[in-house]
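Data first, discussion second: the structure below is written as structure tokens.
Residue numbers (full-length UniProt numbering): 1 to 111.
Structural data, given as structure tokens:
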């Protein structure tokens with residue numbers, strides 16, 4: 001099988017001066033993502049769309065107390081949203097916050 005070579009075009013940009021507040025927010029998100037269990041949790045939420053903490057605990061095979069700890073970190077990093085229905089909490093991705101991690105503003109830092 002012959003591989004196709006697609007030229008990569010990188011736009012030239014001058015990195016903007018980012019505020020310390022913005023950098024702290026981004027740092028918090030990356031720290032939250034820098035854990036295998038939290039990535040597993042995010043993957044499961046992605047697969048399900050919205051998932052109850054009780055189902056998530058079974059699927060990931062983690063005690064609810066440990067799961068709650070990881071969910072709290074993801075919530076504080078604004079990577080997931082929580083909705084309470086009755087006595088159960090349901091979690092879903094915060095797509096806008098995740099997309100921000102791949103934004104031109106942030107990617108431009110490295111060019």
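We treat Cβ as the ideally placed atom computed from N, Cα and C, and that holds for glycine.
Candidates 44, 37, 20 and 56, of which the one nearest residue 88 by Cα: From the listed residues 44, 37, 20 and 56, the smallest Cα separation to residue 88 is found for 56.
Going by beta carbon distance, what residues of the same chain come within less than 7 Å of residue 3, once the five residues before and after it are set aside? Legend: pLDDT at residue 3 = 47, less than 50; position of this residue unreliable, value from coordinates given subsequently. Counting only Cβ-Cβ distances below 7 Å, and skipping sequence neighbours, we find nothing.
Does the contact criterion of 3 or more C-beta pairs under 8 Å hold for the stretch 62-79 versus the stretch 93-105? Output reads yes: the stretch 93-105 touches the stretch 62-79.
Could you tell me which uninterrupted alpha helix (DSSP H) segments, each at least 4 residues in length, are contained entirely in the UniProt domain "HTH arsR-type" (18-111), listed from first to last along the chain? If we require 4 residues or more, the alpha helix (DSSP H) runs fully inside the UniProt domain "HTH arsR-type" (18-111) come out as 20-33, 36-48, 53-60, 64-76, 95-100 and 104-107.
Alpha-carbon spacing of residue 43 relative to residue 32, whole angstroms: Between residue 43 and residue 32, the C-alpha separation is close to 14 Å.
What's the gap between the Cα of residue 122 and the Cα of residue 48? Given that the chain is displayed from residue 1 to residue 111, the structure contains no residue 122 and the question cannot be resolved.
Nearest-angstrom Cα separation, counted from residue 103 out to residue 7: No answer about residue 7 holds up, because its pLDDT of 48 lies below 50 and its placement is not dependable.
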